[in-house]
Structure formats: structure tokens, C-alpha cells
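Asker: The sequence shown runs 1145 to 1637 under the numbering used here.
In this text, a Cβ means the ideal position worked out from N, Cα and C, and glycines have one as well.
This is the structure, below, for whatever I ask next.
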Amino acid sequence: MKIAVIENSRSRQEELGQFLTAPPVADFMASMFGPLPRTVRLLDAGAGAGSLTSAFVSRCCEKRDGVRAIETTLYELDGEILDALAETMRECVHRCADAGIRFTFTIHSADFIREMSARIAGDLFGTHPPVFDVAIANPPYRKISTDSAERRALRSVGVETSNLYTGFIALIQRLLVPGGQLVGITPRSFCNGPYFRPFREDFLSQLELRRLHVFDSRQAAFRDDSVLQENIIFHAVKGRNQPDELIISSSSGEHGGDVTEATFPFAEIVHPRDPEKFIHIPSTASHATAKEALSELRHSLASLGVTVSTGRVVDFRLKDALRKEPERGTVPLLYPCHFNGGTVHWPKLEARKPNAILDNDETRPWLVPSGVYLLTKRFTSKEERRRLVACLFDPDEVKAEWVGFENHLNYFHASGHGLERTLAVGLYAFLNSTVVDQYFRRFSGHTQVNATDLRTLAYPDRETLQAMGRDMKSLDLSQDEIDQLVTKHLNAR
Ligand SMILES: C[S@@+](CC[C@H](N)C(=O)[O-])C[C@H]1O[C@@H](n2cnc3c(N)ncnc32)[C@H](O)[C@@H]1O
């Protein structure tokens, strides 16, 4: 493609939110689409000189995966760039013709926000809003004040948002057919900005996120080196069921630069119970190296002198010995409801489960001598962020000579006794890390975490686990902090 030289003044560029996508980034965006229909109705809103449509055309011509026709609709407000846009489109016609694809286009020299809002709201009598199978977008970004024309237009279709780019995406989303795909490059601010909460809700309720891509350098994505926004590329599909997992990738943004990618549970990116609906984007680079390090682990739990067993107290078999509250002659009984972050919260009198069990001849065989134990939940719900949830039983916190671990827990021990503390804390970090959780999900598939699964997992050697344990200054670290610590020690082996 010829690169059109557009000499707009800086202030005019800012007014239009005009920052053109560099060709390698446009190509990369085009490569993110999934399978396409034979006839693609394509939308390029805020088309500039047409580099995104051009990249999409290249993808279809090269891939030859069944696309026979591309019907393109382009919106561009800047009269001065229209000649370049028309020229790019004529090139697309020729390239497509050579590949046996029919390419047609309509350029609307109009305000996308005002025109589409009116059409969606039904204000323009007799004109239904158009529908699209595919949209590719680098929308303009500029704040829009509460009483601006753009804001009023968006409000008329129920979109309340403070930036042009989120307005564009909200409208584009409404024009997609079910299963229609959108690849967009936008500032990253919508992922966690408090003002973008209504936008996030709208976006996540109508679009299924399939992939997010971030750049290591802030300036990488654009030709214009004064753009200091952090950008993100997303691939989303019109629909209401978020996937179980999505791909997070990152690259330098330079041509031919490496792309690192990793798969994350959706619940880790948008936490199911987060009312703000923040979109968390973990770092993929450290993740990829940790995953590699994990694949090299050779130690079995047995070689560490550690055993994992299912909690021995089956409550309905020992019904008569259970007590709601601790009393004389009882010892603590631990259920998953006693997990409280990284440690145990006991007793939990408001819980429905008993907190204690009688310590007598009948129950003693099912109890363990007090000590440092690592506990994991056997059952997690599908919505839970993690499949592996480990917490530390600390005898300094729960004073007793014997304890009962209920059957919904697994406990790590040393021949029926407690573990050495740094080893237990190291295991705590390892099992609570994202890489291990992911690795585990891959081989287990179901939501149960049985003792056998934990027994077959490969572990770091004892020294590495102890070093992790020593490095954990508190059990109350964030997921990111645990991940960094575990990655550091796995890579240092
Ligand atoms: C960030 S640039 C991206 C251009 C092109 N898609 C690319 O990726 O190189 C956004 C474009 O949207 C245009 N634009 C701004 N406001 C618009 C509006 N309300 N309706 C249509 N186009 C608009 C700008 O003139 C600019 O060319």
C-alpha cells in the first residue's frame, strides 16, 4: 500500500483525534480475526487513509479462506484525507480482483457518531441502521463534554460516555450481527478508569472478549511519536457468553517483533463479583518464562518428603461428635469455609458448618496432631477465579493439640505430622501462583482438585520451595506479587 502523506496541523489532528495506525500494527490487527463469512460486510469507522481496511483486504487475499466478497462501509469526517482514502480503496479493488474477491466500498464523508446514533435511535425516518459482520477500528480519541453534540447524540441511544473512542466502540457494537467480530485499537484507559464503568458494562454484556494485546512500549503502535497513550488491541465477538479463557498477548510493536502470549481464565481478567468490572491485564512475558520453567520441574511430592491426603473427617459419619461451637473436650474442625485469604479464620460462629469435633477414642483416628499444614480446597465453583486455592494452617493462630480436617479439604503433611514452616509457605506460594493454576487447569479439566492430582503435579526442589517460603514476608500478598516471587525463584534455579 502507498502510504499517504497527510499534513494536517497538530491542532486539527487533535480536534479530529487523528492518529494513523502503522502498517505492521494494522496487519497484526487484521490477523486477529477468526473465521469469516463468504460475504463480509465490513465497517471501518474513522477510516483515515484506509490503512485498516487495506490490512484486512491483505489478510483475506493472502489467507484465501473462503471470503468471496467484501462490502465495505467507511466513515471519515476529515475532508482533507478523503482523496487518500479513495485511492487506498481503489487499490483494494485491484488487489481483491487479483485474488478473485469482489470488493465494493462506500465512503461516507460524515460524522459517524451523529449519523449512526440517529439511525440506531430511529430518528431518520425509513432508514434502518446497517448491519456488519466485521468491524476494524482505530477510533478517534478526544474527551467529549457533557453538553456536547456528540454526547447528546450518544445519549439518545442509551450510551453515556466521556470519550469519542468509547462512543465509537459502543455504536459499532450495536451494528454487529450476532457472531460479528470487532478488532479495535484504543487507549487502555477504558479497562480500569472509573468513568468508563458504564462503558465496560455495556461492552462486556454485548461482546465476548477473545483476545487482548498490549504493547511493551507506549509509542509503538503509532507512526506519530507524540502519542503517549497506552494502547490496547482487542478482538471481541458479538454475543453474551464470555469465554472460559482468553488470550493475552504482548509485543514491542516494532515490525517483526516477537509476540508473547498466554491463556488466562476469563474470571482472572474480569473478576466475576467485581461491580466495577475492571479488565485486569496480567503481564505475559514473565508468565511465559515461568511456564517454561514449570515444564522443567522434575520433583515429586514424595521426593520432598511431603504427602497430600484428603481431609479425614467425613462429617455425616461422625455426626454425633460435631459441635457448632468449641467446648471442653473438643478440638478445631476445619472446612473450606474457614479459609480466609491465605490463612485460617477459626472459629467462624456465623458459618453453618460446625467448628469443633469431640476428641475421643472414636474420633481420634480421624484427627491429626497440630502443626503447620497446607490446605487446599477440593471443590471450587466454575466462576471462582482460581481452581487451586491453598491456605496455611498455623498452630500459632489456632491453638489445639489435635485438629480435624474435613473431607472437602486436602492437606499436605509429613507422614501424618505438620510441615517445616518455610517449606509449607513455599508450597503455599507455588500452589497459589497463576502459572500452577493454569497448568493444573490444563491437565485436570474439571473443577475438583483431588489429592491424586496434587500428587502427580511436578514440584520445585526443596531448596527452591524453602527460598520461596523465606521470601514470602507475609501471606497476604497480591496475586501479582506471588506470581513475581514464584517466577523469580523458578527462573533462578
Ligand atoms: C485515530 S484516527 C485512525 C484513522 C485510521 N483508521 C487508521 O487507523 O489509521 C481516527 C480517524 O477518525 C476520524 N474522525 C474523527 N471524528 C470522526 C467522526 N465523528 N466521524 C467520522 N470520523 C471521525 C479522524 O479524522 C481520523 O481520521
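Say yes only if the C-beta of residue 1228 is nearer than 7 Å to one or more non-hydrogen atoms of ligand 1, and no if none qualify.
Answerer: For ligand 1, not one heavy atom lies less than 7 Å from the Cβ of residue 1228.
Asker: Just list the residues that DSSP pairs residue 1393 with in beta bridges.
Answerer: DSSP output for residue 1393 lists 1357, 1405 as bridge partner(s).
Asker: Residue 1178 to residue 1630, Cα distance in whole Å?
Answerer: Their backbone Cα atoms lie some 34 Å apart in a straight line.
Asker: By DSSP, does residue 1245 sit in helix, in strand, or in coil?
Answerer: Correct three-state label for residue 1245: coil.
Asker: Cβ of residue 1307 within 8 Å of Cβ of residue 1190?
Answerer: Taking 8 Å as the Cβ cut-off, residue 1307 and residue 1190 do not qualify as a contacting pair.
Asker: How about residue 1254 and residue 1285: do their beta carbons lie closer than 8 Å?
Answerer: For residue 1254 and residue 1285, no; Cβs fall outside 8 Å.
Asker: Please state if the CB of residue 1560 and the CB of residue 1102 are separated by a distance shorter than 8 Å.
Answerer: Here the chain covers residues 1145 to 1637 and nothing more, so residue 1102 does not appear.
Asker: Report buried or exposed for residue 1163, applying the criterion of at least 16 other Cβ atoms within 10 angstroms of its Cβ.
Answerer: Its Cβ being crowded by 16 or more others within 10 Å, residue 1163 is buried.
Asker: Would the beta-carbon of residue 1161 be found less than 7 Å away from any heavy atom of ligand 1?
Answerer: Within the cutoff, so yes.
Asker: From what residue to what residue does the beta strand (DSSP E) around residue 1167 run?
Answerer: Counting along the chain, residue 1167 falls outside any beta strand (DSSP E), though it belongs to the alpha helix (DSSP H) covering 1167-1175.
Asker: Is the beta carbon of residue 1170 sitting closer than 8 Å to the one on residue 1199?
Answerer: Yes; because the gap between Cβ atoms is below 8 Å, this pair is in contact.
Asker: Decide if residue 1289 is buried, meaning its Cβ has at least 16 other Cβ atoms within 10 Å, or exposed.
Answerer: Flag for residue 1289 reads exposed.
Asker: Alpha carbon to alpha carbon, how far is residue 1566 from residue 1490?
Answerer: If you take the alpha carbons of residue 1566 and residue 1490, they lie about 22 Å apart.
Asker: Work out the CA separation of residue 1448 and residue 1610 for me, nearest whole Å.
Answerer: Whole-angstrom Cα-Cα distance: 11 Å.
Asker: Is DSSP giving residue 1184 helix, strand or coil here?
Answerer: Of the three classes helix, strand and coil, the one that applies to residue 1184 here is strand, per DSSP.
Asker: Under 8 Å, do residue 1583 and residue 1445 count as touching if we go by C-beta distance?
Answerer: No, Cβ-Cβ distance for residue 1583 and residue 1445 is not below 8 Å.
Asker: Do you know offhand how far residue 1313's Cα is from residue 1291's?
Answerer: Those two C-alpha atoms are separated by around 20 Å.
Asker: Excluding the 5 residues flanking residue 1352 on each side, which residues of the same chain have their C-beta closer than 8 Å to its C-beta?
Answerer: If we look at residue 1352 and ignore the five residues flanking it on each side, its Cβ neighbours are 1380, 1381, 1382, 1383, 1384, 1385, 1386, 1387.
Asker: Report yes or no: is there a C-beta of chain D within less than 8 Å of the C-beta of residue 1471?
Answerer: Absence of chain D from the displayed structure is noted, only one protein chain being present.
Asker: Apart from the five residues just before and just after residue 1441, which ones in its own chain have a Cβ nearer than 7 Å to its Cβ?
Answerer: For residue 1441, where only same-chain residues beyond five positions count, the Cβ hits under 7 Å are 1602, 1603, 1604.
Asker: Give every residue of the same chain whose Cβ lies closer than 6 Å to the Cβ of residue 1357, excluding the five residues on either side of it in the sequence, and list them in chain order.
Answerer: Hits under 6 Å: 1377, 1393.
Asker: Is it true that the CB of residue 1500 sits closer than 8 Å to the CB of residue 1476?
Answerer: Cβ atoms of residue 1476 and residue 1500: closer than 8 Å.
Asker: Alpha helix (DSSP H) containing residue 1327: first to last residue?
Answerer: That residue, residue 1327, is in no alpha helix (DSSP H); its beta strand (DSSP E) goes 1320-1331.
Asker: So what's residue 1546 in DSSP terms, helix, strand or just coil?
Answerer: Residue state, collapsed to three classes: strand.
Asker: Run the CB neighbour count on residue 1521, radius 10 Å, all protein chains shown included, and call it buried at 16 or more, exposed below.
Answerer: Result: buried.
Asker: My understanding is that residue 1421 touches residue 1315, with C-beta atoms under 8 Å, so please give their C-beta distance in whole angstroms.
Answerer: Rounded, the Cβ-Cβ distance is 20 Å, inconsistent with contact.
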